[in-house]
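Residue numbers (UniProt numbering): 1 to 159.
We treat Cβ as the ideally placed atom computed from N, Cα and C, and that holds for glycine.
Computed from a prediction, not measured in an experiment: that's the story for all the values here.
1. So, are the CB atoms of residue 119 and residue 17 less than 9 angstroms apart?
2. Quick one: any contact between the region 40-54 and the region 77-93, if contact means 3 or more CB pairs under 8 angstroms?
3. If contacts are defined as beta-carbon pairs under 8 angstroms, then residue 9 and residue 146 qualify, I think. What distance do you get, rounded to the angstrom?
4. Go through its chain and collect everything with a Cβ distance to residue 134's Cβ below 8 angstroms, but skip five positions before and after it.
5. Where does residue 17 fall in DSSP's three states?
6. Can you tell which of 129, 156, 154, 155 has the C-alpha that lies nearest to the C-alpha of residue 6?
7. Just confirm the distance between the C-beta atoms of residue 21 and residue 35, as a whole number of angstroms; I'd bet it's less than 8 angstroms.
8. Identify which residue in 23, 28, 14, 2 has its Cα closest to the Cα of residue 125.
9. Exposed or buried, what is residue 87 when buried is set at 16 or more other beta-carbons lying within 10 Å of its beta-carbon?
10. Sort 1, 14, 33, 3 by Cα distance to residue 58 and report the nearest one.
11. Might you give, ordered along the chain, the residues of its own chain that have their beta carbon closer than 6 angstroms to the beta carbon of residue 112, omitting 5 neighbours on each side?
12. How far does the alpha helix (DSSP H) with residue 47 in it extend, from its first residue to its last?
13. Would you verify that the beta carbon of residue 6 is, or is not, closer than 9 angstroms to some beta carbon of chain C?
14. Can you say whether residue 49 is buried or exposed, counting buried as having 16 or more other CB atoms within 10 angstroms of its CB?
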């Protein structure tokens, strides 16, 4: 499948690997793919993100992803649904962090991940790459571009 990736899509994947290394993650996730897409300039995916006003909002996206990670990956919609049932996710996170330290629910493995070398792709990243292939096929495109990666990521539930 990687041989069908355009130059821009390959650059996104390589940047996602770099993002995971920089974060000390043990694998490349869909979050790393999204952050890598936000780094690109002059590609179809970056044009689409810019049209949505996200071209300059990389840090706000990073902060929102970090906040979702602190909530053990719960989306804002899930947090609001739980609040409707009387469950205060913020209070639960605060109590867990008081007992076990900041970021205890995030699943971060800083310091425990690989320092260098090959990083595997997590299930969500693999699903995004497969989704990009499906998007390209559905549009009858011969190559998989970063715009297809963006489509695949937006089709997934999330923050």
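The answer reads as follows:
1. Closer than 9 angstroms, so yes.
2. With the rule of 3 Cβ pairs closer than 8 angstroms, the region 40-54 does not count as touching the region 77-93.
3. Confirmed, about 5 angstroms.
4. Taking residue 134 as the centre and dropping the five residues before and after it, the same chain places the C-beta of 152 closer than 8 angstroms to its C-beta, in chain order.
5. The three-state secondary structure of residue 17, taken from DSSP, is helix.
6. Nearest option by C-alpha distance: 129.
7. At roughly 12 angstroms, the Cβ-Cβ gap does not stay under 8 angstroms, so residue 21 and residue 35 are not in contact.
8. With distances taken between Cα atoms, residue 125 lies closest to 28.
9. Around the beta carbon of residue 87, fewer than 16 other beta carbons lie within 10 angstroms, which makes this residue exposed.
10. Per the Cα distances, 33.
11. Because the pLDDT of residue 112 is 47, which lies under 50, any placement of that residue in the model is unreliable, and the question is left without a value.
12. Residues 44-51.
13. Looking at the structure shown, chain C is missing, and only one protein chain is on hand.
14. Answer is buried; the Cβ neighbour count reaches 16.
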